Structure formats: structure tokens, C-alpha cells
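Chemist: In our numbering, the protein residues as written are 5 to 219.
Here's a structure for you.
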Amino acid sequence: MPVTGGTERTTTVIIGTGLSGLAVGAELRRRGVDAIVVDGLDILGAGQPANTTSLQRCDAADSDSLRERNEILRHLRNYAASHQMDVRNTTRAVQLTMVGGVARSPGTADASSVQPRAGQWEVHTPNGILLADHIVLTRCAHSQLRRMLSDFGITVGRNLVAAMRTIGIYLVGVGDLITPSPKEVLRQAKTVGQAISSKVHPEGGPDLVAGSLAV
Numbered sequence: 005m006p007v008t009g010g011t012e013r014t015t016t017v018i019i020g021t022g023l024s025g026l027a028v029g030a031e032l033r034r035r036g037v038d039a040i041v042v043d044g045l046d047i048l049g050a051g052q053p054a055n056t057t058s059l060q061r062c063d064a065a066d067s068d069s070l071r072e073r074n075e076i077l078r079h080l081r082n083y084a085a086s087h088q089m090d091v092r093n094t095t096r097a098v099q100l101t102m103v104g105g106v107a108r109s110p111g112t113a114d115a116s117s118v119q120p121r122a123g124q125w126e127v128h129t130p131n132g133i134l135l136a137d138h139i140v141l142t143r144c145a146h147s148q149l150r151r152m153l154s155d156f157g158i159t160v161g162r163n164l165v166a167a168m169r170t171i172g173i174y175l176v177g178v179g180d181l182i183t184p185s186p187k188e189v190l191r192q193a194k195t196v197g198q199a200i201s202s203k204v205h206p207e208g209g210p211d212l213v214a215g216s217l218a219v
């Protein structure tokens, strides 16, 4: 799908406007970290550069606690509206590119040797390119994520989450064999929010914006 717009800079791009995406978006908003939340993932064809990967839709099944999930989602949507979160429901991420490749120690290819770079990710959308330091993925299978890292030329060990974080990619609401519960999603969102905030504000961030994710 062709890109028609220009390039926009932000600190974090969150891919997924469902429960997981809104939860981490709200957490980052509370911590004073710029973020743009875009809609799910499309499938692209092959033949891309080595530092580019197709983003495939992988929707998780509904949780058994659907009522709880819907209540939390309603709360998060209200929070997003009242705190002016940048949520772009009609903008879809179609491609993720690592800018300038990766910096790693000589003779190594595993994720632990990769050094993160500022502005290292481009999220391509039909409306333009979003340039970000951090990416948050939701609703993706672990097998897909491993293939994605392989496309970037990075070998992954047992700890997929740690491997992703070394290159500035975070996972929220992403389960291996089961879908995380709504409360687990909120826990993951808080953990990721703290991790990204600590990198953006290493000397201590601003006071948290009023508002709570508790329901």
C-alpha cells in the first residue's frame, strides 16, 4: 500500500487500538511520554529489504471474562478522550522498518548484543511514516515475533520478551499459548510504561498525570 504523507516523529508508536494498545497508551500518557496509537496490522507481500518486516494480523481469542474486558475497555476509551491521547483508529500500520540496521558487537548476531538507537523504527502507514524510538506490539503470536526478528537478522534465545526489548520493541497483551486476562494486560501495560518512561526520563520523569487505570 503506498504511503501518501510525510514523516512524523514521536517517542513511541503503539500498534493496536484495542484493550492492550489503549492500556499502554494511557500508562505512557500518565508518565508524560509521547505516544501515537494506531490500528492493527495488515499483510504485505514479500520482496522487502532485509531490515523491513511485514506486520501480520493475529487477533487473540476473546477472554472468558468478556464483561470485565469490555468494562475496562470502556474506561480506557473515556480516559483517552479526556486526556487527549493520540489514538488514530483509522490509521493502520502496514510495515515496520529498522532504520539504519542494528549496531552489535563484532562477530555476534544475538539480540543481547544489539545496541538500541534513537529514532530507530519507522512505522509505515497509508498516511505517512511514523518515526519512533520505541514500538509496542499487541495481538501477535510469539512465532510471528520470532520470524520478525529473524527477518532483521537477529537470533533469539529462550527469552523472547528480553530479546525484543533490547531493540526497543515491547509486548503488551501478547500471549504464547493463551490470551492474557484483562488484569494481566493492565499489569503488562504498567510494566512496559515504566520501562519506556525510565529510558525517556532517566533522571526521573514528571509527576504522573491525574487519572487511574484501575476499574
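No residue lacks a Cβ here, since even glycine has one placed at the ideal position from N, Cα and C.
Here the structure is a predicted model, which means the values were calculated and not measured.
Using the three-state DSSP reduction, which class does L23 fall into: helix, strand or coil?
Modeler: helix
Chemist: Assess contact between the region 14 to 25 and the region 135 to 145, defined as three or more Cβ pairs (one per stretch) separated by less than 8 Å. Is contact present?
Modeler: Yes, they touch.
Chemist: When the Cα atoms are used, what is the spatial distance from T16 to G172?
Modeler: 9 Å
Chemist: Could you say which of L134, N163, G197, R71 lies nearest to V176 if we only look at CA atoms?
Modeler: G197
Chemist: Can you have a look at L100 and say buried or exposed, based on whether 16 or more other CB atoms are within 10 angstroms of its CB?
Modeler: Buried is the call here.
Chemist: Apply the 10 Å Cβ neighbour rule to P206 and answer buried if 16 or more other Cβ atoms are within range, or exposed otherwise.
Modeler: exposed
Chemist: Closer than 6 Å by C-beta to G111: which residues in its own chain qualify, once you throw out the five before and the five after it? Chain order, please.
Modeler: Its pLDDT being 46, under 50, G111 is placed unreliably by the model, and nothing is read from it.
Chemist: Can you tell me where the alpha helix (DSSP H) holding D155 begins and where it ends?
Modeler: 146 to 155
Chemist: Kindly list the residues whose CB is nearer than 8 Å to the CB of L77, restricted to its own chain and excluding five residues on each side of it in sequence; keep chain order.
Modeler: G22, L23, L26
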